[in-house]
Amino acid sequence: MNQLKFWHIALLLSIWSLTSCSDDNNENEAITPFCLGDTYYEVRLGQETNSIYITNGSGDISLAIEDENILQATYNGKLYADKPGGVVSLFGKQKGSTMLSIIDNVTGDKETIEVKVTDCYLCLLYTSDAADDRISVD
């Protein structure tokens, strides 16, 4: 019976020693300064979105659009599970150019970029077969 108690106690001690508490308090970690690589972006009118990946700063971002008739922008801050970061999605609503300010709410850093919404063009190749006067578009 004493041997059984010994093994129970040994098992409990080994489980207890293998578990640890992690400190999820990130207040003392340094926040990298917020900055973007580019100051100019283009997005096609009414088509897919263009993305700006935020990989530095605190991850707490707000957006300010100069002309909301031209551009729609949203921020998703859940890009990475282990570090701050996210993605700004740009969608062109009307042809033109506007300024977008991306602000880090924790550090106060601000980046202002120009976003141009362009027409969506299709590329067509026009060929003619002179022998039978047919026109084909490839």
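Counting from 21, one number per residue, gives the positions in the sequence shown under this note's numbering.
Backbone N, C-alpha and C define an ideal beta-carbon position, used for all residues, glycine too.
- Counting C-beta pairs with one atom in each stretch, the segment 119 to 137 and the segment 53 to 67 have three or more that are closer than 8 Å, which means they touch.
- When DSSP assignments are scanned along the segment 61 to 146, the uninterrupted stretches of beta strand (DSSP E) that are 3 or more residues long and fall wholly within it turn out to be 70 to 74, 81 to 85, 91 to 96, 106 to 112, 116 to 124, 130 to 138.
- Taking C-alpha positions only, V63 is separated from A50 by approximately 34 Å.
- With contacts defined as CB atoms closer than 9 Å, E86 and L120 qualify as a contacting pair.
- Judged by beta-carbon spacing, S109 lies within the 9 Å limit of A93, meaning their Cβ atoms are closer than that value.
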